[in-house]
Structure formats: structure tokens, C-alpha cells
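Following: one structure in C-alpha cells, then a few remarks.
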Amino acid sequence: MVRLLVWLLPLWFSLCPTRAWVASNLLMTGPRAFLTYARSVQVGTKNGIEECKYQFALDRWNCPDSATQLKGLRRATRETSFVHAISAAGVMYTLTRNCSLGDLDNCGCDVSKNGKIGGRGWLWGGCSDNVEFGETISKQYVDAQETGHDSRAAVNLHNNEAGRLAVKATMKRVCRCHGMSESCSVKTCWMQLSDFRDIGNYLKNKHNQAQKLDTDKKRMRAGNSADNRGAIMDALRSIAPTELIYLEDSPDYCRRNSSMGLYGTEGRECLTHGEGLTQWETRSCRRLCHECGLGVQERRVEVVSSCNCKFHWCCQVNCDRCAHVVVKHVCVKREGSDGNGFRRRHRGGHKS
Ligand SMILES: *[C@@H]1O[C@H](CO)[C@@H](O)[C@H](O)[C@H]1NC(C)=O
Ligand SMILES: *[C@@H]1O[C@H](CO)[C@@H](O)[C@H](O)[C@H]1NC(C)=O
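Residues -20 to -1, 1 to 332 (mature numbering (1 follows the signal peptide of the UniProt record, and there is no 0)) are what the sequence shown spells out, left to right.
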């Protein structure tokens, strides 16, 4: 939470109503509006970062808190592209939900198409999630953090936009039947946000396919900053707005590098075998430990939890405390190894 605030703090200042606060007819203005939305923006950002941690739990880079602070966002790698996209999506998502739930005085469901024919046998009706509103606020709050005019700022803004497009791309049409005993003689449909998890999955896939922006290096070196921006804009034009992009190759996420805020994979937990594990999960020890020059240590951990619970009328539940042993697997340094032999062979963080 504290770290999140560190990240949000510049945002608060950059959005002080005296500066850069663009009010449209749709929005409230003044300090009250600022506070109303700022709270939701904060919640949305936090949800985005939590989703990032979930999506990368078994990757070498696991969305550490340092990555979501300004220091971690100084580079424009494949991983920071995800952080930008999921944060922008989280803010848009939360504000859109707020809108549909009636949390905000000045926006509500999108009913602009209600009553119109949507397709064969159905009409628009009900409460469509008002993504335009959430999109507007996300642009104003999240994009306002990019104060620079360099290539990194252009890339970050592109990735913010890709995050917002993911919210739209994953929306679903939901329908309800009406008529005599729901005979479906009349069907109404509306557009609804997916679960945020679906958006996380969608963007994780975009992260895997992220493209390195191919800029004209000669022009970049020779030119001034306006020229650089021109070169970036040219390069950006060839990439679909839905795709994540980056400028720099990822560092070696196997190794700890405190000056870059990287923890390395030593001490990370991985999964070996178990019922219903995906291939991605069962390969996590190889990915996190072996391929990073580390060994795997089995640890038996005693976990105490409630058990044998009995319900007594009325209204009390008595439980025993039971201890059981859970086996965990953790990446550890190999004996007599400094890990250096692996460093050269497994350079580059992104490998699956
Ligand atoms: C928007 O929703 C989030 C949770 O979904 C909630 O924490 C926040 O308070 C809401 N904002 C407003 C203004 O009600
Ligand atoms: C940490 O990263 C920086 C920048 O890439 C590099 O110059 C430095 O050598 C790294 N330090 C270690 C201990 O790997």
C-alpha cells in the first residue's frame, strides 16, 4: 500500500486541479471530483498490480513491488509494458464498474442504444457497462503521468492504450429472455465487462507476443529529440494499437541486482507435480531454479489449520487445531557454486 502510494504520489500532484485538469461536460470538476476519482483510480491501480502478481507468480520476473514504482518503470522492457497496460486497464475497469453500480453521481449505464434492434431476434436493453467513461478517466489520470516527450513516454502511452483496448476486447454480450414464461419471444442484450482475470489472461498473452520497437537507429543517433520522436512515431504506426511494445531487452531476471530493483529467483517457490497442474506450472522449477543455475530444495512446512469443526445449536462452531505437513519446493544456491557458469548461458530474462 505504501509502495503504491509512492507510485501514485506524483500522479496526485500532476493532477492538481490547477494543472492539466481537462474538464469535459461529462466530468465533475474541482477538488471533490478529484478526490472521488482518485480513490477509484487508486483501487483500480491496486487491482491491476495484484493481477500482475497473479499472472507472473511462476515467471522469473514476478511483478515485484519495485517494478511498479517509478524506479522500476524507468526502462521500457517487455515487463514494464505489461505493468503499464494492466494498470491502465485496472483503472478503466474500476471506474466502469463504479459507474454501473451507481457509485458516481454523474455517470451510469450506457443506455444509448436501448430499444434499438441489435441483431436477429434481439434488442438492446438493460445496463451496458459504460466503458467510455472509465476510458476517459483512465486517460486523464494514468496517461497524465507520462510527462516526458521521449521515446519511452511514447511507448508507455501506447501500452496504456493497449491495456484499455483489452478491457473493450474482452467485453461480452449478455442476453435475457422475456415473454410468456421466458419464452424468449423478446430478447434483450447488453454489453458487460469480463472478469478482470480474463483481461489479465488476455494481456499476459499480449506480453508473450510483445514486439520490440524497431526504430531507425541511424536517424535516432543523428537526430535531435524532435527527430527521435518522429522516428518513434513512424515505428509506432506500423504496430496495431492492441499490441504491447518495448524498447529494451529484459535484464537477466535470474540474478539479483539491487541497483535495478531485481531480486533474482533464489528463494522463490516453484511447483513440481500435483494433480491438475498445467505444463507451465510443472516446468516452474526448471524455469526458476535449474535454468538459473540454482538447485531445488524440498522443504516440509507444518501448517496448522482448523479441522473437525462441529456446529452447536445455536450458534457456535467449535473446531480442533490440526497440524499437517505441506511439501514446498524452493530455489536455493547449489553447494560450491557461485552460479556464474550459468550466467553466460542463460542470458536474457524471457524464455519459457
Ligand atoms: C469504486 O469501486 C471500488 C471497488 O470496486 C470502491 O473501492 C470505490 O470506493 C468505488 N468508488 C466510489 C466513488 O464509490
Ligand atoms: C546490475 O545491472 C546493471 C545494469 O544492467 C549492470 O551494469 C550491473 O553490472 C548489474 N550488477 C550485477 C551485480 O549484476
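No residue lacks a Cβ here, since even glycine has one placed at the ideal position from N, Cα and C.
- Per the DSSP secondary-structure output, residue 138 pairs with nothing in a beta bridge.
- Short of 6 Å from the beta carbon of residue 158, and not among the five residues preceding or following it, lie these beta carbons of its own chain, in chain order: 166.
- Here the distance from the Cβ of residue 151 to the nearest heavy atom of ligand 2 is not below 6 Å.
- Ligand 2 has no heavy atom closer than 6 Å to the beta-carbon of residue 230.
- Fewer than three pairs of CB atoms, one per stretch, sit closer than 8 Å, so the region 34 to 50 makes no contact with the region 13 to 24.
- For the region 101 to 156, the continuous alpha helix (DSSP H) assignments of 4+ residues that do not extend past its boundaries occur at 111 to 122 and 131 to 149, in sequence order.
- Excluding residues up to 5 positions away in sequence, 79 and 87 lie with their Cβ nearer than 6 Å to the Cβ of residue 113 in the same chain.
- About 6 Å separates the beta carbons of residue 262 and residue 253, which is inside the 8 Å limit, making them a contact pair.
- Counting only residues of its own chain and dropping the five nearest sequence neighbours on each side, residue 303 has a CB closer than 6 Å to the CB of 282 and 284.
- A residue is listed when its beta-carbon falls short of 6 Å from at least one non-hydrogen atom of ligand 1; in chain order these are 16, 19, 20, 23, 74, 77, 78, 83 and 84.
- Of the heavy atoms belonging to ligand 2, at least one sits nearer than 6 Å to the Cβ of residue 239.
- Around the beta carbon of residue 147, 16 or more other beta carbons sit within 10 angstroms, so the residue counts as buried.
- Here residue 289 carries a strand assignment [DSSP, helix/strand/coil].
- Taking a contact to require three or more Cβ pairs closer than 8 Å, the region 100 to 112 and the region 133 to 143 do not qualify as touching.
- Setting aside the 5 residues that flank it on each side, residue 267 is surrounded in the same chain by 40, each with a C-beta closer than 7 Å to its C-beta; the list follows chain order.
- Going by DSSP, residue 169 is part of the beta strand (DSSP E) stretching over 166 to 172.
- As the crow flies, the alpha-carbon of residue 155 is around 10 Å from that of residue 164.
- Between residue 67 and residue 28 the beta-carbon gap is near 4 Å, inside 8 Å, which marks them as a contact.
- In chain order, 228 place their CB closer than 7 Å to the CB of residue 55, counting only its own chain and leaving out the 5 sequence neighbours on each side.
- Under the DSSP definition of a beta bridge, residue 39 lacks any partner.
- Residue pairing by DSSP places residue 242 opposite 237 in a beta bridge.
- In this chain, the beta strand (DSSP E) harbouring residue 98 covers 97 to 99.
- Leaving aside the five residues that flank residue 300 on each side, the residues in its chain whose CB is nearer than 7 Å to its CB run, in chain order, 287 and 288.
- For residue 179 and residue 293, the gap between their C-alpha atoms comes out near 45 Å.
- Counting only the Cα atoms, residue 115 lies some 41 Å from residue 311.
- The continuous beta strand (DSSP E) containing residue 307 extends over residues 296 to 313.
- Within the same chain, 38, 257, 261, 262, 264, 265 and 309 come within 8 Å of residue 251 by CB-CB distance, once the 5 residues on both sides are set aside.
- In the displayed model, residue 90 falls within a strand according to three-state DSSP.
- When DSSP states are grouped into helix, strand and coil, residue 32 belongs to the helix group.
- Put simply, of 240, 107 and 272 the residue whose alpha carbon is nearest the alpha carbon of residue 46 is 240.
- In this structure, DSSP gives residue 179 a helical state, which the three-state scheme calls helix.
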